Every structure is written in structure tokens, then in C-alpha cells.
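To start, the structure itself, in C-alpha cells.
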Amino acid sequence: MAVIKHDSAPFEPYARLMTMLGDQLITDKKVAIIELIKNCYDADAKLVSVAFHNIQNIGLNDLPQNELAYVEIKDDGIGMSLDTIKNVWLRPATPNKMTTKRKDNRTRLGRIIQGEKGIGRFAIHKLGTKIELYTRTDGQDEVKLLMNFSDYDPDQANLFNQQSEYKLLQDVTNDWFVNSPAEVITSGTGTVLRIYLLRENWSTKDFEELYRSIQRMIPPTDNSARQFGITPVKDFDVFLSVNNKPFVAEEGTSFNDVIERAQYRITGSISKDGILSFQYKSTNPYREFNRELNLLDRNQLAHHNYSSYAITEFLKREQKFNCGGFDFAFYAFDLDKPDKTILNEDLKRFIKENFVYVLRDGVRVYPYGEKGIDWLSLDKLRATKKAGQFISYNDLTGFVYISQEGNPKLKDSTNRQGLIDIDGAFEAFTSLVTAVTEIFNAEIKIDKLKKNIQTTNRLKSTKDKLQQAYSSFEKRLLALDDKESLEKAKKFVDAYMGHFSVIQDRMHTVEDLAGLGMAVERSSHDSLRLLSLMKMNLKNVSKKAKKHILKDEELISFIDDMTENIDIVYDDMQMIQPLFKVQRKSIKDISIHESCKKVFRYFRTEINDEISCKIIVTDDDLIIRTNAGLILQVLINLVDNAIYWIKSTSTNIEKELYIQINSIDNTCIIADNGPGVRDDVSSMIFQEFVSMKSNGRGLGLYIVQELLGRIDATIELIEENEYKILPGANFKITFNPNVNQK
0 MAVIKHDSAP FEPYARLMTM LGDQLITDKK VAIIELIKNC YDADAKLVSV
50 AFHNIQNIGL NDLPQNELAY VEIKDDGIGM SLDTIKNVWL RPATPNKMTT
100 KRKDNRTRLG RIIQGEKGIG RFAIHKLGTK IELYTRTDGQ DEVKLLMNFS
150 DYDPDQANLF NQQSEYKLLQ DVTNDWFVNS PAEVITSGTG TVLRIYLLRE
200 NWSTKDFEEL YRSIQRMIPP TDNSARQFGI TPVKDFDVFL SVNNKPFVAE
250 EGTSFNDVIE RAQYRITGSI SKDGILSFQY KSTNPYREFN RELNLLDRNQ
300 LAHHNYSSYA ITEFLKREQK FNCGGFDFAF YAFDLDKPDK TILNEDLKRF
350 IKENFVYVLR DGVRVYPYGE KGIDWLSLDK LRATKKAGQF ISYNDLTGFV
400 YISQEGNPKL KDSTNRQGLI DIDGAFEAFT SLVTAVTEIF NAEIKIDKLK
450 KNIQTTNRLK STKDKLQQAY SSFEKRLLAL DDKESLEKAK KFVDAYMGHF
500 SVIQDRMHTV EDLAGLGMAV ERSSHDSLRL LSLMKMNLKN VSKKAKKHIL
550 KDEELISFID DMTENIDIVY DDMQMIQPLF KVQRKSIKDI SIHESCKKVF
600 RYFRTEINDE ISCKIIVTDD DLIIRTNAGL ILQVLINLVD NAIYWIKSTS
650 TNIEKELYIQ INSIDNTCII ADNGPGVRDD VSSMIFQEFV SMKSNGRGLG
700 LYIVQELLGR IDATIELIEE NEYKILPGAN FKITFNPNVN QK
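Going by numbering that gives the first Met the number 0, the letters in the sequence shown line up with residues 0 to 741, in that order.
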């Protein structure tokens, strides 16, 4: 087809595009102020004044100029020349700052440039409609620029700014003047920006939030930062005033209070290759250590009983950690059981309102750290994945230190509200930071457990103390021949002991039910999976049969599969049957060897040729007179633990699980080649609610010990390597064959 006409045409946007961009690119009025302050910072200003005048007149736009409400932002930076105003400032999206970054990356004072998109001036429209800008650079006259955004958008016209039609952007001009002598900046250099016809009201709460945002622009003092070679910049300050009076929000708590009083802290760094080096410290109970490990090595994580959901999920996507290395300092408190000598209401509120901040070259990156910005999605992960794996968003605060040199792919988003994800760098960054919080949480759990155990042990000693006190009291009364008092005291002690026995019986029932629940949970999951598969296969066979296309060999194969699956479900039901309370009354001779074989069959899905399982019998089988349910429940818990920790290690290591039965010394050892039990946890693993599993209940080993105690058997963790069967966790049960279950 022949071309009959050809030409070209540029975009000719309407002037209202300017106001639309201001509304879309800058999220709110406080962010607009902060964005303008960043411009002052990039201009090497040492002092910035943000002054609101006549705020009582906001909305009264028909007043004389000197009575109108306005905000003035004044700085002592390098200022701008007329050429800069015309060719940079009035050309939004200028590459000026970006070009400077590529060349030198720093201002004349050595500051890292914060802006690079050239859109900061749109923040002005977010605040008001009429603008006066005065600026003066070294050796040149003052330049004045006047703008009125109602010229750009007739939708914003009012009684005093009438406009009848939409204009193209090229048809709207802004007046500039060169003043000599200067009208406003009479000495030195700098910029004064006055914004009139304010678009929104400003409340005391708004000023308080703005004040806090301004203060957070200047990094809080963090003693840990100095160990990373980072010194927060001190050559920049901002003052806020309202109607000629300095405005300071009543803030009773600062980061210094958080850092000084933190019950738990972790500081360190992650290299670009994922090597984590950190120092952990707890104040109650006191514990402090240094550690280094490779976050990408499952064996190293498992060795310390760590697991990282964030790292595992990131590696599943076959992405690379290309965000660069960084430093961090995190602080946490126990807000569930607050220590009132450390935590007052102000400090608790401060912690909840300040999350993890990100600082680039000593300057804050927005909005990280702001109240409500859970940029690591910790609470979402707690709700949807494993609550025990992640620390609560409300309990954590701290800092992550990045740099433009070390983290070139972590760049600001266009609207200055976060970092953009260049080649997956931001996702890698959040995964690594989340992994640190997971390790932090694991260590905090240990210290919380130790603290709880100390309290619990004090309570558990009440019975013994009461018995001792009564014995002493009884001797004293007998010496005095006070039979009446002795009888009353005896009645009280008998009543208490009777009540204690009832509570103890109830605890035994709860322990039985808890163990049964865990076994049924697993069996029902496997059975439902098999039944679902059988149901689907049955439908397929039925369809073929109705169409008369079912072959004999297909039917035989289907029946064989059904028989095998039904046998599996039947075996599982048979396995858990002895765990029910009514079955526990049946006392008989129980073969430990046969019980072990049953348990291995019970876990056949988990074992599934991945784990080498052996039962080693020394001399002869061990026969214990008790009920089958008790022995099975003990073995199920121990084997379940072993399988979990074996699977936490790398796939390229042969996984082993051995059970050694020795009838000579009446022992049974359950051993694995997993990561083993950490030294600082080994003393409390048989306490209730103690677990290093990410989603563990902390009941398994506690129930095992309680169940064995009923038949006068004991369990211990073998800690000396020379007595271990395998290098991981080795649990030794010692039976008393002469004692039946009572």
C-alpha cells in the first residue's frame, strides 16, 4: 500500500501532567518535606530550616501575601545559578545527579548524593500551589523563580486564580529574575523555597510525625556502627519551627535507651558470598559469644541447630545472592514477659514504632524502619509458615548498613519509597537480612527457655520444701507434745499431697494424649494421602469399566495396588492402637527389638531409602514388662527427632540412624549422624517446651522422660564422643527389668 502522507510529531503533554506527577510520585505531604530536605543535603547544606508560618490561615487564600499560610525551607548549601535553574531545575528527570554519581558519586563535601531521578521538585506541588524560590551560588547574583501550579491545571483554579482552558505544557512559562542587590539571600550561598496556598491542613500530630521523620534522617547514634568503620555524619542538621516557635516533639525515649537496655542483641556482617560473622549477647541470663558460618551451607547451619526458611526458599528459585555484603545491628526485648526494671511504657511503644532501618553511607533509606512497614514480612511469615521460626515484627529494632560502592544494585525506587529489585538483588538482600533475624530468634529462644526453666525449677521445689518444713515442724511439735497442732498440720499436708497426686494423674493423662495426638497427626496425614490416591485410581478404573475398555492386567494391577495401600493404612492403625489409654492397661512382656522394627516401618515414608537404618542387638533381645503403647510412644518420639535433624543436613552426606539394644546392661541407644545437640542446650532438652526445631512444640523429649520415669527407666544424652555410636545425637535409655509399670 502506497504512503500518501508522512511526518513526525513529538509528545505534547498538557501542563496538568506536572500536577499529576506530583500527586503520583510523592506519597504524602511529610514525604514531600523530607524529599526537599534531601535536596538541601545534596546541595552540601550544613543547616536547614523548615519553618511553617501563619498556619492558622491555611485555606484562607484571599488574604494579603504577608498573612497567607506558607512553609519556608531554607538552606546554606551551594545554591544554583541561572543556568542551573533554566537547564536543570526546570527540566524534570534531569540526568544531572545521575551523571555526577557515575563520575564521582560524591558532592564537594564528600557526601553520597541521595537523589538521582530529578523528580524531587514535584514534592513542591504536593505541598502548595504558589512558589517563590530564591537561590544564590558562589560569585553570582541571586536568582528568583516564581511558579503557580494553578496555571498548569484549571481544575485547581479558584476565585482568585481563574483559568478557562487546559494548556499544553509548552504554553505555560515560569518567571525568573536576577536580583542585584539580593532580595533575600544577602550574604553567602544557599536556597530559600517558599510555598504558599498550602493544599492540606497541618495538625500537631502531623508536625510531631514530621519532626520524628526529620530526626530519623540523621542516623541515630549506634555504638555498633563504629566497629564496622561507619561514623554517622554530623555535618547536617535540620530545625523545625511553627509560627516562629521551635517545634520539638515530646519524645521520652531514644535509640540510645534501646541500645543501652536491650535484653538481646546481635551485631555483625554478611559478606557478598554469604559468610555471616556475628556477636550475640543476652543480658538475662548472661550469655555472649562470637560465631562465623556460611549461610548457604546447610551443614554449617544444622551444626548449630539453625535453619533458615528465607535462605531455603531463595535457593529454590535458583537465584544468586548479588546484593553485596552489608553490616547489621539488631536489638530485641521480651515483650511477652517484660522486665519492668528495663521496659517502661515509653520504651515498649518506641520499640513497636521503630523496626529495622536501612542506612546507605550513613544516610537513611526510606521507608524502612517506619511504623507499620514490615519490609521483611516477619509477621506474615509467622502467620502463614512457622511462628516459632521468626521473631515478631514488634519485638525487633535495629540497623542495616549498606553502601553505594558495596551494594550498587540496591537503588532507590522512583517515588523514594524503598529499594527497587534490580536482577533480584533486593530479594537477595531481604532473604539474607531475614536469615540473620531467624538466627537471632533461635538464640533468643534458648535464653528465654533458660530463664523460664529457672523460674519453673523454683516452683517445682515447693513440694519438697513443704515436706521438709512439715518434718521439721513435726519433730518440734512432738518434742512439745502438742498433738492437737500436729494433727491439724498433718491434715493440711495430707490434703495438699492428695491434691498434688490428682494433679500428677492429670498430667500423666495430658502427656499420654499429647503423645497420642502427635502420632495420630502423622498417621492421619499419611492415611489421607493414600486414601485420596486410592479414590482417584478407583474413579479412573470405574470410568474405563463403564466404557468396556478396562483390560484384565490393568484390573489386576489396580487390585494389587489397593491391597498394598490398605495394608499400609491397616499397619498404621495397628501401630497407634496401643497408644490409646484403654490399651495401656494391658501389661505384658514387650520386645524392644520388635518395637524398634515396628517404629522403622511406621516411618517408612520419611526413611524412603534416604536414611540407612540399622538395629544392632548385643547378646540378646531386651524384654521389658510394661505396656506396648509406652515403649512405642518413647521410640516414636526419639526416631521422629532423629529423622528431623538428619534431614536438616546436606543431601550429599550419607544419612544414618542406628538403634543399639544391649540386654547385658539393659540399655537401648538411639543414635543419628545429624548435627547433634548444642552444648549450651543439652542441659535443658528434657524440659517441657524446649525445642530447637523451627516449628517444634518442645514436648517430645519431655514426654519421653516422663513416660520412662513411670517404669523406673531413665534417659540421658551421651555427650562424650568415645561412647557415641554415631557422631550426631545419641540418646541412651536404661531400663530396670525388675520393675513393672504400676
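Think of the CB as a built atom: it goes at the ideal place given N, C-alpha and C, for glycine as much as any other residue. Just so you know, these numbers come straight off a predicted model, no measurement behind them.
According to DSSP, what are the bridge partners of residue i?
| i | result |
| --- | --- |
| F325 | I269 |
| R286 | S281 |
| L358 | R363 and Y400 |
| D671 | L656 |
| R264 | K280 and Y330 |
| N293 | I274 |
| W88 | For W88, which the question treats as bridged, DSSP gives no partner whatsoever. |
| N178 | E141 |
| V191 | K73 and Y133 |
| R624 | D588 |
| L418 | D411 |
In the DSSP assignment, find the beta strand (DSSP E) that holds residue i and state where it starts and stops.
| i | result |
| --- | --- |
| K748 | Residue 748 lies beyond the range of the chain shown here (0 to 741); nothing can be said about it. |
| E141 | E141 to N147 |
| V70 | Y69 to D74 |
| G127 | G127 to R135 |
| T733 | N729 to T733 |
| S611 | I610 to T617 |
| K166 | No beta strand (DSSP E) contains K166, which DSSP labels as neither H nor E. |
| I702 | Unbroken run through I702 is the alpha helix (DSSP H), G699 to R709; no beta strand (DSSP E). |
DSSP state of residue i, grouped into three classes?
| i | result |
| --- | --- |
| S7 | coil |
| A441 | helix |
| R198 | coil |
| R677 | coil |
| V257 | helix |
| G547 | Note on identity: in this sequence residue 547 is His, with Gly being the wrong assignment. Coil. |
| E715 | strand |
| E34 | helix |
| V241 | strand |
| H52 | strand |
| S186 | coil |
| L24 | helix |
| T666 | strand |
| V598 | helix |
| R225 | helix |
| D411 | strand |
| V47 | strand |
By the 10 Å Cβ neighbour count, where 16 or more other Cβ atoms means buried, how is residue i classified, buried or exposed?
| i | result |
| --- | --- |
| R583 | Residue placement at R583 is flagged as unreliable, the pLDDT there being 49, under the threshold of 50; the coordinate-derived value follows with that caveat. Per the 10 Å Cβ criterion, buried. |
| Y285 | exposed |
| V638 | buried |
| T713 | exposed |
| P407 | exposed |
| K73 | buried |
| Y165 | exposed |
| Q659 | buried |
| E291 | exposed |
| S281 | buried |
| D422 | exposed |
| H5 | exposed |
| A224 | buried |
| Y722 | exposed |
| E66 | exposed |
| R297 | buried |
| H124 | buried |
Whose C-beta lies closer than 7 Å to the C-beta of residue i among residues of the same chain, with five residues either side of it excluded?
| i | result |
| --- | --- |
| T733 | N665, T666, A712 and T713 |
| L59 | none |
| I438 | Y305 |
| N293 | G273, I274 and Q299 |
| I54 | A68, W201, V241 and N242 |
| T136 | I77, G78, M79, S80 and T188 |
Excluding the five sequence neighbours on either side, which residues of its own chain have a C-beta within less than 8 Å of the C-beta of residue i, listed in chain order?
| i | result |
| --- | --- |
| S412 | L418 and I419 |
Please go through the same chain and pick out, in chain order, the residues whose beta-carbon is closer than 6 Å to the beta-carbon of residue i, but skip the five residues on each side of it.
| i | result |
| --- | --- |
| L197 | I57, A68 and G127 |
| L334 | D394 |
| L35 | I72 and A122 |
| S48 | K73 and F238 |
Kindly indicate the opening and closing residues of the alpha helix (DSSP H) around residue i.
| i | result |
| --- | --- |
| W644 | A627 to K646 |
| V247 | First-last for V247: undefined, no H or E at that position. |
| K805 | Any property of residue 805 remains undetermined from this structure, which presents the chain solely from 0 to 741. |
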